[in-house]
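Trainee: First the structure, then my questions, so here it is.
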Amino acid sequence: MKHLILGLALLATPCLADTCEPTISTAAIPAEHPFFRTAPLPEWSKMTPQQLLVDTRAALEEAKAQRRRILQVTPETATFENTFLAAARANVEQRQVQGYMMHLMNVASTPELMHAQNAMQAELAKFQAESGEESAIGKLLEEVSKAPWVQELSPARKRFVQQTLERQQKNGAKLTPEKRKRLAEINQEVRKLSLQFHKNLGAPPPAWELEVTDPAMLAGMPEHWMKRAAELAKKRGIATDEKPAWLIIPGNAQAVLTHCEVEATRRQCWLATSTHLQENEPLIYRTMELRHECARLLGFNTFADMQASERMTGSGQKALDFVDGMLNALKPLYDAETAAYLARLSKAKGEPITRLNPWDEAYLSHRAPAPATAGFNFSKITPYLEAERVLRGMMQLWEQMLAIRICEQPTVHLSPGTPHPVDKVEVWHESVRFYTVHDTKTGRHLGSFYLDLYPREGKRGDGWTTPLRFGHDGEPHLAAIVANITPPGTPHLLNHGDMYVLFHEFGHLMHMLLGHPELSEYHAMSVEKDFIEMPSQLQEQWIWEPEALATFAVHHKTGEPLPAELARELYENRYQSSVSATMRMLRHAKLDLEINLHFHEKFKGRPLDEVAAELLEPWQLPYSAPTPSDMRSVHHTMNPGYAASFYTYIWSEAMSMDAFSRFKAEGILNPTTGAAYRKCILEPGGSKPALELFRDFMGREPDSKAFIQRFNP
Ligand SMILES: [Zn+2]
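Below is the structure:
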């Protein structure tokens, strides 16, 4: 796909740096297929639901033609470009259509678009079922990979060849027809199980009720609760004014666990609630068996190893070693926190607790609430976070650190069929803004991005950064930050959480736009999955730093800079999460790895909760009975992208905190360190293993010390 730049029209643009030049014009080019032939920028008003289907079909035709072209190549005429690269780019149009469609579904969903999306999925499924060329291409690539010239390729290209072959193998390319058939059956069954699992998650809690006829069993319950529970019993026809009863159901059970003074009632109630989602357990177990079989078919020892083969850890055991190491490192701190907690509960109970009954926990901790900690009132800094200043301040900070220039461009929102003004960039909603990013030294156009920051109808909640197009062979990239931060008001002030979203997403954005590896396939999203969050988690660190805040945080009314005392207080409260919260994540990560590594040895034939209690015993509260495992309720368990990967949240955080320690040592506004970050981490994308990128930047192996240190300031 050729990206055309018609940078001729002079634009009068508001600008962040003082040397912005006109760079982008969207002078209309007849775009036959707006969903994939977008030159130079997407024309959103032409991307109608009707057009989606037309473009999907055209893109699939294009993919077929490209595959045919590849199959005409012989080992004698083969080059890297007409085989490996051509195969990777064979369905670039179709991926582009899907990318824009997904983006529109997220930012401007309509029933018509959803309908068109379903029709498009059907077309794709049909295409996949019919296309027989894939295995022929696989065979060709396998053969070509043995040619002597492959050994002469650059390291990035050689890595690409190797990864392509590995991926093919993972898709079953080397299997016998019988085994391939079995693989397809496994995948289909796993998909079905996952669907059922998620259906169960969405279903209302199972109907159960406990009928209580003796009010003494409900001692301690608030009057209004008793009244409603009595009405409920009457409604059900199991009580009258003369013969009263009280009904406990899933909807009012938590109050019983918190307030009821009678242990027997709490226990009964807890037993009933803790059976929630039991029906997901057999689904998980069956999935584990199938995953294991699938991994074995494809030449891996376990499913965890198969997942880790595309992660920094490289093997399931290494990932587990990391988690175990973290659990052990945090254990002394966690033990201290647990001892204090149990002492508090013991005081409430009037006797020392060595084994905590899970049905007592809510009750006891309600009676002995944690002492109020001073904490930090984040609203105190809101008056210093005027939206426009924060945005500009953040961009200027990264302009200086990364030697780039960010310029805003005028935009226009068009309805379908309206002519496109030549001097404006089209956006999908009038509130969306558009920026270009250039290299300060060379002037090169690195990429452009949209900012869509505020909530509105038809837009998904949450915040994310989406790569809309990775430019090939040095063309600029295109991405969008989509968020739901505090909408404009008078004055337009942001809160600290909004600032976190902006800085985090800007980290993703810089990774996407500043990556210009030798092969564009090695863009930001191609790095190992446990490294993708590294730049975003790194860049979010600046929101706590007084030196960074001093560059843009001034009082919206008085213009007074953020007082040093307030900045210091904020900094000291930067890590609010307790060891217990991190422990909870680590426990889940451990269980997730254990079950995907050792299902047959440790889990099969035994209840999940029992095994979990055994495995996690040293790192959790000493409960008197196994508590329900959250494996049954977390979608990661059954999601093929996240399974055996929960640890990556902590992994990438540890990695980013480690990298941040270099900025702390050299200066958080030090452009030399910023340049090294750009060169070692952002620019290469995924062209090298992430561990090498990290080593290039830090000059050493990763270390979890900085992460652990946060709990011990
Ligand atoms: Zn992120």
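Heads up, the sequence shown is in this note's numbering, so the first residue is 10 and it goes up one at a time.
Glycine is no exception: its CB is placed at the ideal position from the N, C-alpha and C atoms.
1) Which residues share a DSSP beta bridge with Y444?
2) V101: buried (16+ other C-beta within 10 angstroms of its C-beta) or exposed?
3) Check the DSSP bridge columns for W437 and list the partner residues they point to.
4) Quick one, are the C-beta atoms of L600 and T311 less than 8 Å apart?
5) If contact is defined by three or more beta carbon pairs under 8 Å, each pair taking one atom from either stretch, is the stretch 411-420 in contact with the stretch 484-494?
6) May I ask you to report which of helix, strand or coil DSSP gives R78?
7) For R577, count neighbouring Cβ atoms within 10 angstroms of its own Cβ and tell me buried if that reaches 16, exposed if not.
8) As a quick exercise: from P572, M321, K327 and Y584, pick the residue whose alpha carbon is nearest that of P698.
9) Rounded to whole angstroms, what is the Cα-Cα separation between N504 and K389?
10) Given K714, which residues of its chain have a CB within under 7 Å of its CB, disregarding the five upstream and five downstream residues?
11) Here's the rule I'm using: 16 or more other beta-carbon atoms within 10 Å means buried, otherwise exposed. How should W660 be labelled?
12) Under 6 Å from any heavy atom of ligand 1, by CB: list those residues in chain order, please.
13) Assuming I79 and A95 form a contact by the criterion Cβ under 8 Å, report the distance between their Cβ atoms to the nearest whole angstrom.
14) Between which two residues does the alpha helix (DSSP H) harbouring L306 extend?
15) Can we say the stretch 641-655 touches the stretch 342-362, given the rule of at least three CB pairs closer than 8 Å?
16) Could you name each continuous alpha helix (DSSP H) segment of 4 residues or more that falls completely within the stretch 343-397, going from the start of the chain to the end?
17) Any idea which residues DSSP pairs Y632 with across the strands?
18) For E30, does the three-state DSSP call read helix, strand or coil?
19) Give me the Cα-Cα distance between H112 and P497, rounded to the nearest whole angstrom.
20) The beta strand (DSSP E) spanning H486 covers which residue range?
21) Leaving out five residues on either side along the sequence, give the residues of the same chain with a beta carbon under 7 Å from the beta carbon of M56.
22) When you compare each of K433, R414 and K135 to P49 by their alpha carbons, which one comes out closest?
23) Indicate the three-state DSSP secondary structure (helix, strand or coil) for I38 in the structure shown.
24) Return the CA-CA distance between L280 and F655, expressed in angstroms with no decimal places.
25) Does DSSP put E220 in a helix, in a strand, or in coil?
26) Between the alpha carbons of Q160 and K167, how many angstroms are there, rounded?
27) Starting from R478, follow its DSSP beta bridges and name the residues at the other end.
28) What's the call for Y584, buried or exposed, on a 16-neighbour Cβ count within 10 Å?
29) Residues bridged to L502 by DSSP?
30) Applying the criterion that 16 or more other CB atoms from any shown protein chain within 10 Å of the CB defines a buried residue, is Q59 buried or exposed?
31) Taking its Cβ as the centre, do 16 or more other Cβ atoms sit within 10 Å of E549, making it buried, or is it exposed?
32) Mind checking which residues open and close the alpha helix (DSSP H) that includes W158?
33) Who are the near neighbours of L336 in its chain, counting only those whose CB is closer than 6 Å to its CB and skipping five residues on each side?
34) Candidates A156, G308 and R401: which alpha carbon is nearest R442's?
35) Identify which residue in S440, R295 and A225 has its Cα closest to the Cα of V116.
36) Under 8 Å, do M592 and F515 count as touching if we go by C-beta distance?
Mentor: Quick answer:
1) Sequence index remark: in the sequence shown, residue 444 carries index 435 (1-based). In DSSP, Y444 forms a bridge with E417 and F458.
2) Within the sequence shown, the letter at position 92 stands for residue 101. It is buried - the Cβ of V101 has at least 16 other Cβ atoms within 10 Å.
3) Indexing the sequence shown from 1 puts residue 437 at position 428. DSSP lists no partner for W437.
4) Working through the sequence shown from its first residue, we reach residue 600 at position 591. Working through the sequence shown from its first residue, we reach residue 311 at position 302. Cβ atoms of L600 and T311: not closer than 8 Å.
5) no
6) As a first step, residue 78 is located in the sequence shown; it is residue number 69 there, counting from the start. Helix, per DSSP.
7) In the sequence shown, counting from the first residue as 1, residue 577 sits at position 568. Burial call: exposed.
8) As a first step, residue 698 is located in the sequence shown; it is residue number 689 there, counting from the start. If we check each option's Cα against that of P698, M321 comes out closest.
9) As a first step, residue 504 is located in the sequence shown; it is residue number 495 there, counting from the start. As a first step, residue 389 is located in the sequence shown; it is residue number 380 there, counting from the start. So the two alpha carbons sit approximately 9 Å from each other.
10) In the sequence shown, residue 714 corresponds to position 705, counting from 1. Closer than 7 Å at the Cβ level, and outside the excluded window around K714, lies no residue.
11) In the sequence shown, the residue the question calls residue 660 occupies position 651. W660 is buried by the Cβ-count criterion.
12) H513, H517, E542 and S545
13) To locate residue 79, count along the sequence shown from 1; it is residue 70. To locate residue 95, count along the sequence shown from 1; it is residue 86. Yes, I79 and A95 are in contact; Cβ-Cβ is about 5 Å, under 8 Å.
14) In the sequence shown, the residue the question calls residue 306 occupies position 297. Start and end: N289 to L306.
15) no
16) 367-376
17) What you label residue 632 is simply residue 623 of the sequence shown in a count that begins at 1. Answer is L365, bridged to Y632.
18) The sequence position of residue 30 within the sequence shown is 21, counting from 1. At E30, the pLDDT of 41 sits below 50, so the modelled position is not reliable; the number obtained from the coordinates is stated separately. Three-state result, E30: coil.
19) As a working mapping, residue 112 is identified with position 103 in the sequence shown. As a working mapping, residue 497 is identified with position 488 in the sequence shown. Whole-angstrom Cα-Cα distance: 23 Å.
20) As a first step, residue 486 must be located in the sequence shown, where it is residue number 477. First-last of the beta strand (DSSP E) with H486: H486 to V491.
21) As a working note, residue 56 is residue 47 in the sequence shown. These residues qualify, in order along the chain: P43, F44, Y109 and L113.
22) On the sequence shown, residue 49 is found 40 positions in, with the first residue counted as 1. With distances taken between Cα atoms, P49 lies closest to K433.
23) As a first step, residue 38 is located in the sequence shown; it is residue number 29 there, counting from the start. At I38, the pLDDT of 43 sits below 50, so the modelled position is not reliable and the matter cannot be decided from this model.
24) Numbered from its first residue, the sequence shown carries residue 280 at position 271. Numbered from its first residue, the sequence shown carries residue 655 at position 646. The straight-line gap from Cα to Cα measures roughly 28 Å.
25) The sequence position of residue 220 within the sequence shown is 211, counting from 1. DSSP places E220 in strand when its eight states are reduced to three.
26) For the purposes of this step, residue 160 is taken as the residue at position 151 of the sequence shown. For the purposes of this step, residue 167 is taken as the residue at position 158 of the sequence shown. Their Cα atoms are separated by approximately 7 Å.
27) Here residue 478 corresponds to residue number 469 of the sequence shown, with the count starting at 1. Per DSSP, L487.
28) Looking up residue 584 in the sequence shown gives position 575. Result: exposed.
29) Here residue 502 is taken as the residue at index 493 of the sequence shown, counted from 1. Answer is E395, bridged to L502.
30) Residue 59 sits at position 50 when you count from the first residue of the sequence shown. Looking at its Cβ environment, which holds fewer than 16 other Cβ atoms inside 10 Å, Q59 is exposed.
31) Looking up residue 549 in the sequence shown gives position 540. It counts as buried.
32) Stepping through the sequence shown from its first residue, residue 158 is reached at position 149. Per DSSP, W158 belongs to the alpha helix (DSSP H) from P157 to Q160.
33) If you number the sequence shown from 1, residue 336 lands on position 327. So the qualifying residues of the chain are L595 and W628.
34) Translated into the one-based positions of the sequence shown, residue 442 becomes position 433. Closest option to R442, Cα to Cα, is R401.
35) For the purposes of this step, residue 116 is identified with residue 107 of the sequence shown, where counting begins at 1. Minimum Cα distance to V116 is reached at S440.
36) Taking the sequence shown and counting its residues from 1, the one referred to as residue 592 is at position 583. Taking the sequence shown and counting its residues from 1, the one referred to as residue 515 is at position 506. No, Cβ-Cβ distance for M592 and F515 is not below 8 Å.
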